[in-house]
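**Student:** Here it is, the structure in full.
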Amino acid sequence: KKFHGRKTANGETYDMYAFTAAHKYLPFNTILIVENIANGKTVQVRINDRGPYKKGRILDLSYSAAKKIDMIDTGTAKITAKIVKLGQ
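Take the position in the sequence shown, starting the count at 1, then add 26; the result is the number in my numbering.
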């Protein structure tokens, strides 16, 4: 919530209620299907920011994306991510 309204790396305003994510190097506007391995729930997200910068993490999901796959309480989860459309 502390990032809501701030600028993302691609210049957009971060909206915690949008289905977006941060990745270190995937092109902006890449669309991914992210699955929480623990419960099988999925969410489609669009890459609009850079990160995460913590060791062992590959994606930072927006609040709504994380909520949709039930990872708000845990904060992190083992996931799979599949590219639907590579951004340009």
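The C-beta atom is built at its ideal place from N, Cα and C for all residues, glycine as well.
Provide the residue(s) that pair with V110 in DSSP beta bridges, ordered along the chain.
**Tutor:** Within the sequence shown, numbered from 1, the residue matching residue 110 stands at position 84. Its beta-bridge partners do not exist; DSSP assigns none.
**Student:** Give every residue of the same chain whose Cβ lies closer than 7 angstroms to the Cβ of L112, excluding the five residues on either side of it in the sequence, and list them in chain order.
**Tutor:** Residue 112 sits at position 86 when you count from the first residue of the sequence shown. Taken in chain order, the residues that qualify are P53, T56.
**Student:** Let's see if you can read the secondary structure: which residues bound the alpha helix (DSSP H) around A47?
**Tutor:** Taking the sequence shown and counting its residues from 1, one reaches residue 47 at position 21. Counting along the chain, A47 falls outside any alpha helix (DSSP H), though it belongs to the beta strand (DSSP E) covering 46–48.
**Student:** Using C-beta distances below 7 angstroms, list every residue in its chain close to D96, excluding the 5 sequence neighbours before and after it, in chain order.
**Tutor:** Residue numbering aside, residue 96 sits at position 70 when the sequence shown is read from its first letter. These residues qualify, in order along the chain: N62, N65, K67.
**Student:** Going by CA-CA distance only, name the one from K93, G31, V110, K108 that's closest to T102.
**Tutor:** For the purposes of this step, residue 102 is taken as the residue at position 76 of the sequence shown. Comparing Cα positions, the closest option is K93.
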